Amino acid sequence: MTENNREVITGSDFRRMVLGAYSEFLLEYETINQLGGAGTLPGTHVLRTMNAAVLELDGVKDESIGGLARRTATGAVFGARGNVGVVLAQIFRGIGKGLLGKYNATSSEFGKAFQYGILYAQRVIPGESERPIITVAKAVAKGAYHAVRSERPITEILEAALRAGEAALSKVDANDAGARIMFVFLTGCLKGLDGNFVSPAMNLSLGLSVKQPGMPDPRKDRTLPYCLRFHLANTKVNIPELEELLRKRTDFVLLERHEKYIDVHIHTDHVGEILEQAIGWGRLCEIHITNMSESHVLAAEQAVMPVAVLGIAANKVQAKEMQDLGVHCIVAGSEDNSPSVASLVGAAHSDLASTYVLVAWSREFWLVFRQVKRLLGNRVDLVLCKDKNEQAAAVKAFHPKKTAEENARAMRKAAGVAE
Numbered sequence: 313m314t315e316n317n318r319e320v321i322t323g324s325d326f327r328r329m330v331l332g333a334y335s336e337f338l339l340e341y342e343t344i345n346q347l348g349g350a351g352t353l354p355g356t357h358v359l360r361t362m363n364a365a366v367l368e369l370d371g372v373k374d375e376s377i378g379g380l381a382r383r384t385a386t387g388a389v390f391g392a393r394g395n396v397g398v399v400l401a402q403i404f405r406g407i408g409k410g411l412l413g414k415y416n417a418t419s420s421e422f423g424k425a426f427q428y429g430i431l432y433a434q435r436v437i438p439g440e441s442e443r444p445i446i447t448v449a450k451a452v453a454k455g456a457y458h459a460v461r462s463e464r465p466i467t468e469i470l471e472a473a474l475r476a477g478e479a480a481l482s483k484v485d486a487n488d489a490g491a492r493i494m495f496v497f498l499t500g501c502l503k504g505l506d507g508n509f510v511s512p513a514m515n516l517s518l519g520l521s522v523k524q525p526g527m528p529d530p531r532k533d534r535t536l537p538y539c540l541r542f543h544l545a546n547t548k549v550n551i552p553e554l555e556e557l558l559r560k561r562t563d564f565v566l567l568e569r570h571e572k573y574i575d576v577h578i579h580t581d582h583v584g585e586i587l588e589q590a591i592g593w594g595r596l597c598e599i600h601i602t603n604m605s606e607s608h609v610l611a612a613e614q615a616v617m618p619v620a621v622l623g624i625a626a627n628k629v630q631a632k633e634m635q636d637l638g639v640h641c642i643v644a645g646s647e648d649n650s651p652s653v654a655s656l657v658g659a660a661h662s663d664l665a666s667t668y669v670l671v672a673w674s675r676e677f678w679l680v681f682r683q684v685k686r687l688l689g690n691r692v693d694l695v696l697c698k699d700k701n702e703q704a705a706a707v708k709a710f711h712p713k714k715t716a717e718e719n720a721r722a723m724r725k726a727a728g729v730a731e
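Residue numbers (our numbering): 313 to 731.
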């Protein structure tokens, strides 16, 4: 190799890498589901997280590597499911941060961005450095670091990362799902960069409609990461008709008529298309756009209550039990079918309450809840229980006159769980 490698990584190269990783997960997710150490159905959760990331590439006209990396990071972070999905999403987030603002990238720049991704993944599992996925991730980052310093081509950087990871794997449980996920991701990226991948679901021109039997439908994992709010200065608009029109584009829309305007609140993946269409409805003003996959201040407007309890129910029976206990807002989900970060953030955006206490009854939800906390900050507090009995004890300690922080502290104490 030359001493000063000037290989350029383009947006097209990045797209192939992401699709290659997705293709590899399609082939391996069922095998990953059979492994231990990473919760229930880790392969399915990581595949659905990849679904959300890949769908951000569908129909995108942006050709810059920085733009595409940012889009996939947004989809992955917001569409993350289960603990392993959150870890993978943070890899995408770190890569996106490292490539921000770049049209193309050198091998060295991309290698450093990849190291950022590993660092971000390590940070979401505080105090658990001995877990196989983190042990392997650290080794992978070290292997990539030396290749980057030597200014190797990106294929050799990924190969060096894989070799370092293989050496680390011999020192941990080779049947751990988390460690396997790291290898599948790297292998897929390398195959994608070489164009050496085949998958029945990878033709984006088909709208991802061709899929393997039993594979989760990727279209169900499309995220709506942008919160769009604006005032429409046309009080003659028929609100039911407008709401019906918008519901064809999203599953979250709130319209409220005021004396001189209509307040529109909608979640979307294409802000420009909504605004372009809205121009024909009347004069637009007070336009606010929030990327909900990034940390943001969420202001509750005319909230029904000051603080509410938000939980997860696997079915109608459990939902009824939780409502009877005193849970105000319930999101559908289970250990097999973890709710996404998007579903929880969306619930908090509904303005039911000014603040929320999020209560988990399984470890499978813990990193997802922590990701929601990172995004919404003081708007939410967490009570991370290990089972439904702990959750029941926690909910019984809730008091509507206390703040979310005070309630979370009292609820954790009642359930006997840590901060």
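Just so it is clear, CB atoms sit at the ideal spot from N, CA and C, and this is done for glycine as well. Values in this document were obtained by computation on a predicted structure and should not be read as measured data.
- Item | Host alpha helix (DSSP H) of residue 461 (start-end) | 444-461
Inset, instruction - Give every residue of the same chain whose Cβ lies closer than 6 Å to the Cβ of residue 647, excluding the five residues on either side of it in the sequence, and list them in chain order. - result: Cβ within range, chain order: 352, 674, 676.
For residue 724, which residues from the same chain have a beta carbon less than 6 Å from its beta carbon, with the 5 sequence-adjacent residues on both sides left out?
-> 695
Exercise for the section: Classify residue 326 as buried or exposed, calling it buried when 16 or more other Cβ atoms lie within 10 Å of its own Cβ. Expected result: buried
### Task
Within the same chain, show all residues whose beta-carbon is closer than 6 Å to that of residue 453, passing over the 5 residues directly before and after it, in chain order.
427, 430
Three-state class that DSSP yields for residue 332 in the structure shown: In this structure, residue 332 counts as helix in the three-state DSSP scheme.
Handout entry: Own chain partners of residue 467 with C-beta closer than 8 Å, once the 5 adjacent residues on each side are dropped
Key = Closer than 8 Å at Cβ, skipping near neighbours: 502, 505, 506.
key: alpha helix (DSSP H) runs wholly inside the stretch 341-402, at least 4 long, in chain order   = 354-367, 377-391
inquiry  = Within 8 Å, do at least three Cβ pairs link the stretch 383-395 to the stretch 359-370?
reply    = yes
Check: With DSSP run on the structure shown, which of helix, strand or coil describes residue 709?
Finding: coil
Exercise for review: Going by DSSP, name the residue or residues bridged to residue 540.
Suggested key: 578, 601
query = Would you call the stretch 336-354 and the stretch 642-659 in contact, with 3 or more CB pairs under 8 Å?
reply = yes
- Counting along the chain, where does the beta strand (DSSP E) carrying residue 669 start and finish? 665-672
Going straight from the alpha carbon of residue 666 to that of residue 357, what length do you get? 30 Å
- Once you ignore the five residues that flank residue 638 on each side, which residues in its own chain have a CB closer than 8 Å to its CB? 621, 707, 708, 710
Item to complete: Assign residue 629 to buried or exposed, taking buried as 16 or more other Cβ atoms, counted over all protein chains shown, within 10 Å of its Cβ.
Response: Exposed, since its Cβ has fewer than 16 Cβ neighbours within 10 Å.
_Is it buried or exposed, residue 609, if we count other Cβ atoms within 10 angstroms and call 16 or more buried?_
Around the beta-carbon of residue 609, fewer than 16 other beta-carbon atoms lie within 10 Å, marking it exposed.
If you drop the 5 nearest sequence neighbours on each side, which residues of the same chain put their C-beta closer than 8 Å to that of residue 669?
-> Contacts found: 619, 620, 621, 622, 692, 693, 694, 695, 710, 716, 719, 720, 723.
Review point. For residue 658, which three-state DSSP category applies?
Key: helix
Of the residues 678, 445, 589, the one placed nearest residue 544, counting alpha carbons only
589
- Throw me the rounded Cβ distance for the residue 536 and residue 562 pair, which I believe falls under 8 Å. 6 Å
_Given a cut-off of 7 Å on the beta-carbon distance, is the pair residue 448 and residue 479 in contact?_
no
**OP:** Note the first and the last residue of the continuous alpha helix (DSSP H) segment covering residue 723.
**Re:** 716-727
* Asked: Taking C-beta to C-beta, are residue 337 and residue 496 nearer than 7 Å?
  -> A Cβ-Cβ contact shorter than 7 Å links residue 337 with residue 496.
*asked:* With H, G and I counted as helix, E and B as strand and the rest as coil, what does DSSP make of residue 506?
replied: The three-state secondary structure of residue 506, taken from DSSP, is helix.
### Query
Buried or exposed: where does residue 703 fall if 16 or more other Cβ atoms within 10 Å of its Cβ makes it buried?
buried
- Residue burial classification, residue 640 (beta-carbon count within 10 angstroms, cutoff 16): buried
(Q) Assuming residue 618 is part of the beta strand (DSSP E), what are its boundary residues? (A) 617-625
ask   = When the Cα atoms are used, what is the spatial distance from residue 455 to residue 443?
value = 19 Å
Please tell me whether residue 398 and residue 680 are closer than 7 Å, where the distance is taken between their beta carbons. Residue 398 is a Cβ neighbour of residue 680, given a cutoff of 7 Å.
- Item | Cβ-Cβ distance between residue 580 and residue 574 below 7 Å | no
request  = Note down, in chain order, each residue of its chain lying with its Cβ closer than 7 Å to the Cβ of residue 607, except the 5 sequence neighbours on either side.
outcome  = 686, 687, 689
Q. My guess is that residue 582 and residue 541 are in contact by the Cβ rule of under 8 Å, so how many angstroms apart are they, rounded?
A. Separation of the CB atoms of residue 582 and residue 541 is rounded to 16 Å, and the pair is thereby denied contact status at 8 Å.
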